[in-house]
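> Protein chains in written order, with the working numbering: chain A, 1 to 129; chain B, 1001 to 1357. Think of the CB as a built atom: it goes at the ideal place given N, C-alpha and C, for glycine as much as any other residue.
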């Protein structure tokens, strides 16, 4: 299970990467491996305002549908449209090319609520028990 | 509940899901990969959760003939037939396969895992002929080896020249290494191949021997997409106790010429009134994966619903089985509402890909 040290994580298995006052968001290696072959991605539109826990997209594998939630409050200022054409990228490069949205944060200190890599690793281990 | 292969699934790092009380592998390497392996080579499925009910004694034939939709005397020894147990309204309690093990005196029914207990008690309740019934599910392991390479792999494992049998027949084979096997030329994938009923104590070595010769372990996920590409119905999704075989397009497995069977009167009434809906298929014309329960619309009016759907790994588009009103024709374009989004689809009678038993 790949858990990059420089990212932040949610209990719903999204990751976030601080880019100045914005947060780039995707789903973790654990999330993609649990979902299996991803066949469909639908993301919220550019400009959509979101709060923590609100939907930023839907990811569908052969077997299941899963919603992706925003880790923070803000506005979606970039959407990775290439995922609609190549949803399988999430299985192969979930921390890289398969990012989902970039959110301009209302309050950049909000990321303090998210888990670091070690905390997320501990959380996954606790969940597995 | 766990099948005798549970520890093997864990070793292979399968994703395990709860399937009607059974801890079953949903995939090992990935649903798409397993699906394609089955279509092009051989896939190996643990389907030991399926139920097996043995019916014995000279009362077997009159009993089964009266409760099931197929003509039992017409099934010769060594043959398998697909049929139904129906309720008093003609609805499908279960779809099952009927094996004539010894003509006139011994039959085996293979029933859906989720329905085993219900079917067995339904049979006991209707058994006025006094046939000998036993639920042998827990003493029976079942493997499905499916795909164009299945026969070759099996003959190599059993060290015989060639495994050559016809669809819907089965053979009892006493193998030195794996004990007594009942090998049936049947399946639920449309990829061709066999199903093997056997003693649970010998199933682990056979499972591993088949894998070592190239069979890819496959989970219930691939089993579902494979059967969906063929348009084979899944009980609980596409057929259930409120749906008759005729609505589901499965009239071939109902022998209306028989003097009587449970549900026959109800079916006659249904047929004389005319069918108002039918099971057919959809191919998506745009991105989107139709799922059980999605409404089907034509000119903004609901004309049916999706009973099961997924993506076709072969076609790489969304496909579905659905119930549609008779007014909707083959080839017509309709829409499917997927999470409030209207997606275009074309009505297409399955199979979606060419297959073989």
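1) Kindly indicate if chain B contains any beta-carbon less than 8 Å away from that of residue 36/A.
2) Using the C-alpha atoms, what's the distance from residue 45/A back to residue 1311/B?
3) Quick one: list the residues of chain A neighbouring residue 1310/B, beta-carbon separation under 7 Å, in chain order.
4) Can the beta-carbon of residue 1191/B be found less than 8 Å from the beta-carbon of residue 1148/B?
5) List, in order along the chain, the chain A residues whose C-beta lies closer than 7 Å to that of residue 1058/B?
6) Where does residue 53/A land, buried or exposed, given buried means 16+ other C-beta within 10 angstroms?
7) Buried or exposed, going by whether 16 or more other CB atoms sit within 10 Å of the CB of residue 1205/B?
8) Helix, strand or coil for residue 13/A per DSSP?
9) Kindly say whether residue 136/A, judged by its beta-carbon, lies nearer than 8 Å to any beta-carbon of chain B.
10) Does the region 1027 to 1040 of chain B come close enough to the region 1092 to 1112 of chain B that 3 or more CB-CB pairs lie under 8 Å?
11) Can you list, in chain order, the residues of its chain whose CB lies under 7 Å from that of residue 64/A, leaving out five sequence neighbours each side?
12) For residue 1289/B, return the contacting residues in chain A, with the cut-off set at a CB-CB distance below 7 Å.
13) Return the chain-ordered ranges of every beta strand (DSSP E) run that is complete within the region 57 to 124 of chain A and spans a minimum of 3 residues.
14) DSSP state of residue 1282/B, grouped into three classes?
15) Are residue 41/A and residue 76/A closer than 8 Å when you measure CB to CB?
16) According to the Cβ coordinates, are residue 1318/B and residue 1288/B closer than 8 Å?
17) Please report whether the beta-carbon of residue 1221/B lies at a distance below 8 Å from any beta-carbon of chain C.
18) Could you confirm whether any beta carbon from chain A is found closer than 8 Å to the beta carbon of residue 1030/B?
19) Determine the DSSP secondary structure at residue 30/A, reduced to helix, strand or coil.
20) When you compare the CB of residue 1027/B with every CB in chain A, is at least one pair closer than 8 Å?
21) Counting only beta-carbon atoms, is residue 84/A nearer than 8 Å to chain B?
22) Name the one or two DSSP bridge partners that residue 18/A has.
Inspection of the coordinates gives the following:
1) On the first chain, position 36 is the one that residue 36/A refers to. Flagged as an interface residue toward chain B: residue 36/A, by a C-beta distance shorter than 8 Å.
2) The residue labelled residue 1311/B in the question sits at position 311 within the second chain. The residue labelled residue 45/A in the question sits at position 45 within the first chain. Taking the straight line from one Cα to the other gives about 25 Å.
3) As a first step, residue 1310/B must be located in the second chain, where it is residue number 310. Chain-order list of chain A residues neighbouring residue 1310/B: 62, by C-beta distance under 7 Å.
4) By one-based count along the second chain, residue 1191/B stands at place 191. By one-based count along the second chain, residue 1148/B stands at place 148. Closer than 8 Å, so yes.
5) Numbered from its first residue, the second chain carries residue 1058/B at position 58. What residue 1058/B touches in chain A: nothing, since even the nearest Cβ is about 47 Å away.
6) Sequence index remark: in the first chain, residue 53/A carries index 53 (1-based). Per the 10 Å Cβ criterion, exposed.
7) In the second chain, residue 1205/B corresponds to position 205, counting from 1. That one is exposed.
8) Within the first chain, the letter at position 13 stands for residue 13/A. Coil at residue 13/A, not helix or strand.
9) Look at the range of chain A in this structure, 1 to 129, and you will see that residue 136/A is not part of it.
10) no
11) Position 64 of the first chain, counted from the first residue, corresponds to residue 64/A. Answer for residue 64/A: 35, listed in chain order.
12) As a first step, residue 1289/B is located in the second chain; it is residue number 289 there, counting from the start. Neighbours of residue 1289/B on chain A, chain order: 39, 40 and 60.
13) 65 to 69, 74 to 79 and 101 to 105
14) Taking the first residue of the second chain as 1, we reach residue 1282/B at position 282. Here residue 1282/B sits in strand by DSSP.
15) Within the first chain, residue 41/A is the residue found at index 41, counting from 1. Within the first chain, residue 76/A is the residue found at index 76, counting from 1. Cβ distance not < 8 Å, so residue 41/A and residue 76/A don't count as in contact.
16) Against the second chain, residue 1318/B aligns to sequence position 318. Against the second chain, residue 1288/B aligns to sequence position 288. Yes, the Cβ-Cβ distance between residue 1318/B and residue 1288/B is below 8 Å.
17) The structure shown contains no chain C; its protein chains are A and B.
18) One-based indexing of the second chain puts residue 1030/B at position 30. Closer than 8 Å to some Cβ of chain A, the Cβ of residue 1030/B qualifies, so yes.
19) Within the first chain, numbered from 1, the residue matching residue 30/A stands at position 30. Helix at residue 30/A.
20) Counting from one through the second chain, the residue named residue 1027/B turns up at place 27. Yes, its Cβ sits closer than 8 Å to a Cβ of chain A.
21) Start at 1 with the first residue of the first chain, and residue 84/A comes out as number 84. Yes, residue 84/A lies at the interface with chain B (some Cβ there is under 8 Å from its Cβ).
22) For the purposes of this step, residue 18/A is taken as the residue at position 18 of the first chain. Residue 18/A is bridged to 23/A.
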